[in-house]
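See structure below.
Numbering (our numbering), first residue to last: 23 to 1110.
Given below as structure tokens:
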């Protein structure tokens, strides 16, 4: 270990005299160590602690703030009773009253706050313990001042300092001669000199009577002299070596002198050559001036801007190629539909003309006459009986395969079951086969094939039981299917109960589940089947006609399935919709299960294209015959031409629907009573709304239940958005029950679940893979988060939990907000993306600005539609709030970003610091853009003006353009840094050269809290209540930004003033605790 002058190194022979002087003080205290617990504060290299062990101490703890010194001690003193610790003597983590003997030699003069050390010694000392504290005598200063000493004490000062903490203090003086004398600060026989003549003061402190401590310590000076002789001999050898080196250097200097003479001669020759070339340059300049007067030079000067423009165009066209290619692809996608429409123009316009006239007739259809419908209520016990109706058309093979499961289920039921097979004009051997093999089954014959609706209606009319189960011939019933569905219908008083469906072909599992939902979007009804239905009955939009139980009386009263949907599809949707409107309920029973061979019958009578056309036609007929809500009705007719033109509805399907429009009008006039509006029905059949559960008022809660949706895992809080989510949600978890659903990018992030579950009772982490297909109009940054699996998980959470509020962190996840829930929906606008896109477009040159503008418009549309669906928008600042209010009329509240002022200690800057710091997560594009601009436009000006300046760039995932900045030796790129506080403490200032983006920057607030002066652009400080020149320095021009950086480097008083004002600002306005309390009030106001 090298001797620096701050602490003694025992192995250095040149310091033996000083070593014996220190050792004398340890020998003074050693007799009191026997059987005691000893603490050595400021132990240096540990030799004193080893002496106490040799004197019989029970154990010895030695502490020093130098890691190098502690490592030296551990390497040289290995007794198991020794413990060496790195730490500050003023603030240790050792327990109170834990030591009988404490020594603190030559430490107190090194501290700016000696009172804290004295108080710490008092805290650690046992009630009957002793403390030895030494310091140099300020009245006898050393010949050479010690630069490590902060303050030296006179006798009265030293005594007063310790007497303020200890009841009893005995002061000794230490003097140097052939022994070491410690004289008490009172006359004794051993003292012949005044205490003021002491070289050091040693104080013996305690709370009780002190023992006599004055004694003469013998020091073997002969040993010291031997050490010095050996040291001088070694130095003599070194001096001889140095003399040899000096001679060699003298010879080298003589050689270099000769070289210098030769260089001087060469320099004179070069000066003459330079002079000659200067003459030639003057002549060339005259020739150039003459050439500029000619027409060629003027033409070249005029064309130079044109050439520059052409070069910019070439670069811009390359960047814009993707935009134009996308437009071409969309146009080509519309081309086949356009050609088909042109080919059918005569029929199309004739149908359109008919539609125009018929719509007027639809609008003027009189209100339907009331239909007497039976009341359906809950009835105890099992149903009196069940009829199973199976329509079939040439389906002998399907019946032979699936009928045994129906018979087995009928046998399991505890109530009577009859089975009817409706032969819908088939030509195979089905009737004869049934008569021969299953005589107990009734066969209902139709002379001709009338389609599914007529066959099902005929079977229901022929049935004799109050509950009818309609079953396709390609449906296999699983155990409990009939009994569960019939019991649920009878006990709940529902109109229909659908069974859960599994597909025989696993690849088609998403096509049909029985859990049917629908939502109205873009002027049309969209139908889907959902997974994960739970274990209890719940409301759905419609009961499928192939595996559902119906109340027979209500079925017939509503008129059954309508024949206008012949040959198939939408009959069951139509009937269920009318049942909902009449006040009935349609339920899904997950415990009643069946297995389906998808389109086992339909594929035999129609091609896939014909099936799709029939589906689209019947969807239009359903809309025209059933829709009553004026808003939905107008939205349908406004969107219809565009849907046909773009091919969403084929021209063939539209024309076929127009031909059946009179039938739709007739059905519209014979509808039943209206007890539910169309939006209520769509809500009852939404993805997550369960009418039976949520039609009841929500139970009051002391802790509101909240679901938070996040695009990133908030733990660990390694970037601005994660910091905000973590700081607010963990604080709000104390007064709210918060559940979390978040996406993660790497498997390692799944390990955060354990920490998250400490605050959030229910956590769902979704491992992101390749995004699913997204609508073409979605912006790229939104399409990146398209995930059907995540959407299903959120639907499951929203369906199983009755949330009071659902909050989306970042608007790019707004498409995951579940529909049909009574929870209030909140979008946290951590970034107002259309503003960020607009600023990014402004930084581009034409024509690259064109696709950037297009992307901004797509984002504005997405954010506007999302805001319209939300109940509340949270903005980070008033500036962001103004941007959000342009999106929709949805209320906007401000919930600013903040900082944990208790975590970031305010640290004044060290004098002479020359490092500027930038921190930012580079997954956020404005960060990479900002630091690249700074390094390119600003840093060269700073570096040239201040050669010692350095730039530190910290942040996760730096792209290649940022990593290349490290090629400049004055720039250091660190990558991710787990704890930024050391960087805050060591930098002269923090820079935020942000030119694009939106929101407020958390890193600026953290820098202010840590005492780092801030330089920012106007965009970077947007939304913060700061004043230029008071809390930070603002600059947007490269030259102004460079001057601001140099001002921080050269004016420490300005930097300190800015840092102090900024710290006061964040303590007053941006503390996370206050912001969380404000957000809690906002949530409660939204919940109501």
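Don't be surprised by glycine CBs; every beta carbon is placed ideally from N, CA and C. As the structure is a computational prediction, the values presented were derived from the model and not from experiment.
- Of the candidates 401, 728, 639 and 461, the residue whose Cα lies closest to the Cα of residue 685 is 639.
- Annotated as distal: residue 518 and residue 437, with beta-carbon spacing of 9 angstroms or more.
- Counting along the chain, residue 936 sits inside no beta strand (DSSP E), nor does DSSP assign it H or E at all.
- In this chain, residue 829 is not harboured by any alpha helix (DSSP H); it is covered by the beta strand (DSSP E) spanning 827–831.
- Closest option to residue 961, judged by alpha-carbon separation, among 919, 1015, 985 and 914: 1015.
- Excluding the 5 residues flanking it on each side, residue 1094 has same chain C-beta neighbours closer than 6 angstroms at 749, 920 and 922, in chain order.
- The DSSP-derived three-state label of residue 860 is helix.
- Residue 194 is a Cβ neighbour of residue 224, given a cutoff of 9 angstroms.
- Three or more beta-carbon pairs separated by less than 8 angstroms link the stretch 111–121 to the stretch 147–157, which places the two stretches in contact.
- Check the Cα spacing between residue 981 and each of 968, 1002 and 953: the tightest is with 953.
- Between the stretch 899–908 and the stretch 1063–1081, the count of C-beta pairs closer than 8 angstroms stays below three; the two stretches do not touch.
- Straight across, the Cα-Cα distance linking residue 1104 with residue 914 is about 10 angstroms.
- Counting only the Cα atoms, residue 1053 lies some 56 angstroms from residue 658.
- Between the beta-carbon of residue 967 and that of residue 936 there is about 12 angstroms, and that puts the pair past the 8 angstroms contact cut.
- Residue 808 is not a Cβ neighbour of residue 764, given a cutoff of 9 angstroms.
- Beta-bridge partners assigned by DSSP to residue 617: 498 and 524.
- Just measuring C-alpha positions, the residue of 1012, 944 and 736 sitting nearest residue 974 is 1012.
- Your pair residue 582 and residue 482 checks out as a contact, with CB atoms roughly 6 angstroms apart and the cut at 8 angstroms.
- Contact annotation: residue 479 and residue 568 have beta-carbon atoms that are not nearer than 9 angstroms.
- Taking the Cα of residue 417 as reference, the smallest distance to any Cα among 408, 452, 964 and 1096 is reached at 452.
- The DSSP-derived three-state label of residue 416 is coil.
- Judged by DSSP in its simplified three-state form, residue 970 adopts coil rather than helix or strand.
- Between the stretch 758–777 and the stretch 793–800, the count of Cβ pairs shorter than 8 angstroms is below three; the stretches do not touch.
- The secondary-structure analysis by DSSP pairs residue 590 with nothing; it has no beta-bridge partner.
- According to the DSSP secondary-structure assignment, residue 781 is paired through a beta bridge with no residue.
- When C-beta atoms of the stretch 643–661 are compared with those of the stretch 589–599, three or more pairs fall below 8 angstroms, so the two segments count as touching.
- Contact annotation: residue 579 and residue 394 have beta-carbon atoms nearer than 9 angstroms.
- With a contact defined as Cβ atoms closer than 8 angstroms, residue 123 and residue 55 qualify at about 6 angstroms.
- Under the 10 Å beta carbon count, residue 269 is surrounded by fewer than 16 other beta carbons and is classified as exposed.
- With a contact defined as Cβ atoms closer than 8 angstroms, residue 852 and residue 743 qualify at about 5 angstroms.
- Straight-line spacing of the CA atoms in residue 664 and residue 442 works out to 46 angstroms.
- In the three-state reduction of the DSSP assignment, residue 1092 falls in the coil class, being assigned neither a helical nor a strand state.
- A straight-line Cα-Cα distance of about 29 angstroms links residue 69 and residue 258.
- The residue among 114, 157 and 83 with its C-alpha nearest the C-alpha of residue 43 is 157.
- Annotated as proximal: residue 843 and residue 820, with beta-carbon spacing under 9 angstroms.
- The shortest CA-to-CA distance from residue 561 to any of 574, 524, 527 and 606 is the one to 606.
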